[in-house]
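Contents: one structure, followed by commentary.
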Amino acid sequence: MSMNLIPFQPGLSMPEFLRKYGTESRCRRALYRARWPMGFRCPACGDRRRSSFRRGAQTIYQCRACQHQSTLISGTLLQDTKLPLTTWFLAIHLLTSTKTNMAALELKRHLGISYRAAWRLKHKVMQAMTEREAPRKLNGFVQIDDAYLGGERNGGKPGRGSENKQAFLIAVETDADLEHPVYAVIEPVRTFDNTALTDWVERRLAPDAEAYTDGLGCFRRIAAAGHAHTVLETRGGRAATEISGARWVNVLLANVKRAIGGVYHAIRQAKYARRYLAEAAYRFNRRFRLSEMAPRLAHAIMACKPCPEPRLRLACNFAH
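Using the working numbering, the first residue of the sequence shown is number 15, and each one after it goes up by one.
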């Protein structure tokens with residue numbers, strides 16, 4: 015078997031990262047370019063003309079057309095943050111450059127902040143990843159599988175009825191020869207029934223997508239929605255990874271479960287599985303562009319609306 019060269023590609027080294035984002039002023043310039051790549055635009059009216067002044071440590075931008083005042087981070091996911099921008103950028107780098115995922119507890123130790131601040135920071139970053147992955151549709155040949163996140167809880171129901179299990183769908187778009195994965199969608203669903211599958215197909219499959227699945231009954235909705243649909247006899251176990259129409263979805267599924275189960279140990283499936291699965295999809299879909307991860311995620315964060323902690327702690331598993 016040939017060596018997988020993807021993990022050996024160069025990314026953004028720590029010395030290079032510190033040269034680019036090691037000071038507050040460099041981080042501010044990076045965020046300014048991420049939010050206004052063509053120059054300032056008023057968040058209220060879109061006009062380009064502005065003046066600026068200092069208020070304490072903040073730089074205030076005032077639109078000359080409508081007099082609206084804003085800051086670099088107001089109206090974004092960073093609004094009202096008390097953490098230095100260098101801490102945010104270091105967190106972004108750590109969460110995207112490590113080979114495995116990083117839990118909030120480990121992030122706390124690297125950043126030297128409280129666990130609550132690390133949890134809030136990580137979930138905001140994952141929220142940006144979730145919103146970035148939300149509109150993605152898969153095209154061409156798409157391998158789809160059903161799975162569960164989590165395990166049985168002591169004293170609870172066994173098997174699929176366990177209170178600690180979260181149903182989700184994982185789909186991988188491949189090239190025309192089914193030899194190489196291109197993009198993935200990993201998303202929780204309420205259950206594996208016709209209604210959930212119909213909604214998922216409408217949002218996640220492009221009109222010309224052709225699906226490969228196992229024989230789960232609800233997957234019949236894929237053909238009913240007008241897509242070509244091939245049902246595979248996967249037999250489960252290692253043999254499933256050798257079937258061309260199911261190989262990559264099973265490989266990615268095993269990697270996702272290993273990463274989440276091995277790093278986080280215990281997460282609240284009913285509330286936060288959507289973000290953790292979106293994190294896996296975000297990292298996978300950008301695996302060939304490691305050196306661009308930090309600036310691309312900074313751009314995504316600046317494009318997101320504010321998400322204070324009470325909202326972060328609401329259940330976020332299903333698309334609305």
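We put the beta carbon where it would ideally sit given N, CA and C, even for glycine.
Q. Per DSSP, which one or two residues make a beta bridge with Gln-157?
A. Val-186, Tyr-226
Q) With 16 other CB atoms within 10 Å as the buried threshold, where does Gln-157 fall? A) buried
Q: Count the other C-beta atoms from every protein chain shown that fall within 10 angstroms of the C-beta of His-194, then say buried if there are 16 or more, exposed otherwise.
A: exposed
Q) So which of Asn-208, Ala-181, Glu-187, Arg-272 has the shortest CA-CA distance to Lys-285? A) Ala-181
Q. Should Arg-130 go down as buried or exposed, given a rule of 16 or more other Cβ atoms within 10 Å for buried?
A. exposed
Q: Report yes or no: do three or more beta-carbon pairs, one from the region 217 to 228 and one from the region 239 to 248, lie closer than 8 angstroms?
A: yes
Q. Can you give the Cα-Cα distance for Val-199 and Leu-121, rounded to whole angstroms?
A. 26 angstroms
Q. Is Met-28 buried or exposed, if buried means 16 or more other CB atoms sit within 10 Å of its CB?
A. exposed
Q) Would you report the Cα separation of Met-15 and Gln-23, rounded to the nearest angstrom? A) Below a pLDDT of 50, predicted positions are generally treated as unreliable, and Met-15, at 45, falls in that range; the measurement from the model is reported next regardless. If I take the Cα positions, the gap works out to 19 angstroms.
Q) DSSP on Leu-328, reduced to helix/strand/coil? A) coil
Q.
My assumption, with CB atoms under 8 angstroms, is that Thr-90 sits in contact with Ile-74. Please give the rounded CB distance.
A. Actually they do not touch by this definition, with Cβ atoms about 15 angstroms apart.
**Q.** Alpha-carbon spacing of Ala-5 relative to Tyr-197, whole angstroms
**A.** Because the chain spans 15 through 334 in this model, residue 5 falls outside it and cannot be assessed.
Q) Which residue from Trp-214, Val-139, Lys-179 puts its Cα closest to that of Met-307? A) Val-139
Q | Three-state class that DSSP yields for Tyr-278 in the structure shown | A | coil
Q | Thr-205 to Gly-164 span [Cα, whole Å] | A | 15 angstroms
Q.
Rounding to the nearest angstrom, what Cα-Cα distance links Arg-134 and Pro-320 in this structure?
A. 12 angstroms
(Q) Once DSSP output is grouped into helix, strand and coil, what is the label at Leu-97? (A) coil
Q | Helix, strand or coil at Phe-206 [DSSP, three-state] | A | coil
**Q.** Residues that DSSP places opposite Arg-68 in a beta bridge
**A.** Thr-73
Q | When Leu-152, Gly-231, Arg-235 are compared against Asp-213, the one with the closest alpha-carbon | A | Arg-235
Q. Hey, Arg-62 and Arg-69: beta-carbon distance below 8 angstroms or not?
A. no
Q: Mark Gly-259 as exposed unless 16 or more other C-beta atoms lie within 10 angstroms of its C-beta, in which case mark it buried.
A: buried
Q) How is Leu-246 classed by DSSP in three states: helix, strand or coil? A) coil
Q: Starting from the Cα of Arg-43, find the closest Cα among Met-316, Ala-333, Gln-283, Leu-326 and give me that residue.
A: Met-316
Q | In DSSP terms, what Gln-23 is bridged to | A | Answer is none; Gln-23 lacks a bridge partner.
Q | Between the CA atoms of Thr-114 and Val-263 - distance to the nearest angstrom | A | 19 angstroms
Q) Around the Cβ of Cys-77, are there at least 16 other Cβ atoms within 10 angstroms (buried) or fewer (exposed)? A) buried
**Q.** Pairwise C-alpha distance: Thr-112 and Leu-119
**A.** 15 angstroms
**Q.** Limits of the unbroken alpha helix (DSSP H) element including Tyr-141
**A.** Strictly speaking, residue 141 in this sequence is Gln, with Tyr absent from that position. Note, Gln-141: alpha helix (DSSP H), 129 to 147.
Q | Distance CB(Pro-202)-CB(Phe-298) smaller than 8 angstroms | A | no
Q: Pick out whichever of Phe-155, Pro-57, Gln-141, Asn-269 has its Cα sitting closest to the Cα of Leu-326.
A: Gln-141
(Q) Beta-carbon within less than 8 angstroms of Arg-354's beta-carbon, same chain only, minus the 5 sequence neighbours each way: which residues are those? (A) Residue numbering for the chain in the displayed model covers 15 to 334; residue 354 lies beyond these limits and cannot be assessed.
Q) What residue from Leu-183, Gly-154, Phe-31 has the CA that sits closest to Asp-191's CA? A) Gly-154
(Q) The alpha helix (DSSP H) that contains Pro-309, what's its start and end? (A) 307 to 317
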